[in-house]
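With positions in the sequence shown counted from 1, the corresponding number in the working numbering is that position plus 281.
All C-beta atoms in this analysis are idealised placements derived from N, C-alpha and C, irrespective of residue type, glycine included.
Have a look at the structure below, then the notes.
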Amino acid sequence: MPTTAPDATGLELPGTEDRVEIFSIPGSRTVHGQDFPLGIRVKKGQSFIDIDDAISQLKALADKNVFNKLLTNHGAILFRGFPLKDAGDFSKFVHAFGLPNLHQEIGLSGKRTTISETVKTANEEPPTIRFYFHNEYGRSANFLGGQTPLLSSLELYDRLEKELPDFIRDLKKKERRLELEGKSHLSGRDQQLNSSITHTNSQDSYGHEIEEGDTLEVQRAKVERFLASRLHVDGEWQRDGSLIVLSRVPAIRRVASTRKLTFFNGLAGVFGRMRDQQALNPPHRRLDGRYHLPTTYGDDSEIPREYLERLLEIGDETQFLVPWEEGDVALLDNYTVQVASRKTDVS
Numbered sequence: 282m283p284t285t286a287p288d289a290t291g292l293e294l295p296g297t298e299d300r301v302e303i304f305s306i307p308g309s310r311t312v313h314g315q316d317f318p319l320g321i322r323v324k325k326g327q328s329f330i331d332i333d334d335a336i337s338q339l340k341a342l343a344d345k346n347v348f349n350k351l352l353t354n355h356g357a358i359l360f361r362g363f364p365l366k367d368a369g370d371f372s373k374f375v376h377a378f379g380l381p382n383l384h385q386e387i388g389l390s391g392k393r394t395t396i397s398e399t400v401k402t403a404n405e406e407p408p409t410i411r412f413y414f415h416n417e418y419g420r421s422a423n424f425l426g427g428q429t430p431l432l433s434s435l436e437l438y439d440r441l442e443k444e445l446p447d448f449i450r451d452l453k454k455k456e457r458r459l460e461l462e463g464k465s466h467l468s469g470r471d472q473q474l475n476s477s478i479t480h481t482n483s484q485d486s487y488g489h490e491i492e493e494g495d496t497l498e499v500q501r502a503k504v505e506r507f508l509a510s511r512l513h514v515d516g517e518w519q520r521d522g523s524l525i526v527l528s529r530v531p532a533i534r535r536v537a538s539t540r541k542l543t544f545f546n547g548l549a550g551v552f553g554r555m556r557d558q559q560a561l562n563p564p565h566r567r568l569d570g571r572y573h574l575p576t577t578y579g580d581d582s583e584i585p586r587e588y589l590e591r592l593l594e595i596g597d598e599t600q601f602l603v604p605w606e607e608g609d610v611a612l613l614d615n616y617t618v619q620v621a622s623r624k625t626d627v628s
């Protein structure tokens, strides 16, 4: 049974010349016998001259495959005390791990501002809106609320399999239907794909091929071609120019490196936002009047609401709230870690 992690402070990483150590993060959890998340910090009394000095140490460890092994075991690593001051430093820090280039956002993409090649803002919806477990980046520290909760998809799967075995069985058998509604909105003749009132970055979602000056007809044709060639799904245009896209995807995956089963999806977010918008019951109209087609099993049968309510509860029970400090960076294994954000009154 996952518990609070034991103290691991003081353990050193190979080749760091006693400048960096592993430390226990207060409140961290133990999942499958490992700390979640793992902490790595600059030792007291030690420092790096600048970001380039720091990443030279990180690259040396990355070349030895240290971080890949740590991510496989722990799922998430919180780095603390490194000299990051701006987006440029953060970009250098990210590249130090030698990971493949950042993924291209295809499908449902939140409305974000690009800061640099590898840095974007978090979803720019109002901070009073709760985001359920999905992928998220924290940008600010030192305020009440708004923390970045981390959730082990491995622990979540274990809990669901124990408490809701029928739910897990049905997800494996039927998969789930994912509905993306009203997320891509084409506007006028001389405008590009615009973000809708749902705060979605539509050009990053399905409009990668759209260019300035494309007519509405050309924009639609490019989006349809993109859906067919990249996502292998169909879309249905609505009278207001929005697009409904339906796809059927597995809700449970097996991690290639460990063969462990992981609850890999955004099901909690879809249900949670529908609940917040009071759209769970027919005709599934949100508070803003827009229609929200429910997410179902892959055979279009209904997912029992009590399963989804318990899914949200387990997430709240097993989450870890990252205690952000200035300059912190969290490195996550996207296959085994889910991320959310909490409400805050601070913009």
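- Looking at S337, F348, L380, the one whose alpha-carbon comes closest to that of P364 is S337.
- Looking at the backbone, the Cα of R457 and that of T576 are separated by about 7 angstroms.
- Cα atoms of L568 and A377: separation of roughly 45 angstroms, rounded to the nearest angstrom.
- Boundaries of the beta strand (DSSP E) harbouring L319: 319 to 323, taken from the DSSP string.
- Residue state for F545 is assigned as coil, using DSSP reduced to three classes.
- Between G379 and D367, the alpha-carbon positions lie close to 20 angstroms from each other.
- Pairwise C-beta distances place the segment 438 to 458 in contact with the segment 591 to 607, as three or more of them are shorter than 8 angstroms.
- Between the beta-carbon of L431 and that of A357 there is about 6 angstroms, and that keeps the pair under the 8 angstroms contact cut.
- Under the 8 angstroms Cβ criterion, the segment 506 to 522 does not count as touching the segment 398 to 412, having fewer than three qualifying pairs.
- Within the same chain, R566, R567, H573 come within 7 angstroms of A560 by CB-CB distance, once the 5 residues on both sides are set aside.
- The alpha-carbon separation between F304 and S622 amounts to approximately 24 angstroms.
- Per DSSP, P430 is one residue of the beta strand (DSSP E) stretching across 430 to 433.
- Cβ contact annotation for V400 (same chain, cutoff 6 angstroms, sequence separation greater than five): A368, F371, S372, in chain order.
- Taking C-alpha positions only, K345 is separated from E598 by approximately 36 angstroms.
- The shortest C-alpha to C-alpha distance from R501 to any of R511, L524, S510 is the one to L524.
- DSSP lists L542 as the beta-bridge partner residues of R535.
- In the DSSP assignment, F601 is bridged to L431.
- By a beta-carbon distance limit of 8 angstroms, Y438 does not contact V536. Their separation comes to about 10 angstroms.
- The three-state reading of DSSP puts F329 in coil, since its state is none of H, G, I, E or B.
- According to the DSSP secondary-structure assignment, K401 is paired through a beta bridge with T395.
- In chain order, T402 place their CB closer than 6 angstroms to the CB of T394, counting only its own chain and leaving out the 5 sequence neighbours on each side.
- Runs of beta strand (DSSP E) with 3 or more residues, each lying fully within the segment 342 to 383, are found at 357 to 361, listed in chain order.
- When DSSP reads this structure, T311 sits in a beta bridge with D316.
- Around K324, the same chain offers D299, R300, V301, E302 as residues with beta carbons nearer than 7 angstroms, after the five sequence neighbours per side are excluded.
- Given a length threshold of 3 residues, each whole run of the beta strand (DSSP E) inside the segment 553 to 627 is given here in chain order: 610 to 613, 618 to 622.
- Secondary structure at Y413: strand, using DSSP grouped into helix, strand and coil.
- Residue range 446 to 455 is occupied by the alpha helix (DSSP H) that includes I449.
- Between the C-alpha atoms of R322 and L435 there is a straight-line separation of about 25 angstroms.
- Contact between D609 and L359 is confirmed by a C-beta separation of about 6 angstroms, below the 8 angstroms threshold.
- Its chain contains F378 as the residues whose beta carbon lies nearer than 6 angstroms to that of F348, once the 5 sequence neighbours on both sides are disregarded; these appear in chain order.
- Close CB contacts of N546 within its chain, under the 6 angstroms cut and outside five residues either way in sequence, are with A532 (chain order).
- Looking at the DSSP output, V530 sits in a beta bridge with R457.
- Here F507 really is in contact with E490; their C-beta atoms are around 6 angstroms apart, less than 8 angstroms.
- In the DSSP assignment, R506 falls within the unbroken alpha helix (DSSP H) covering 497 to 507.
- By the CB criterion at 8 angstroms, Q315 and V603 fall outside the cutoff.
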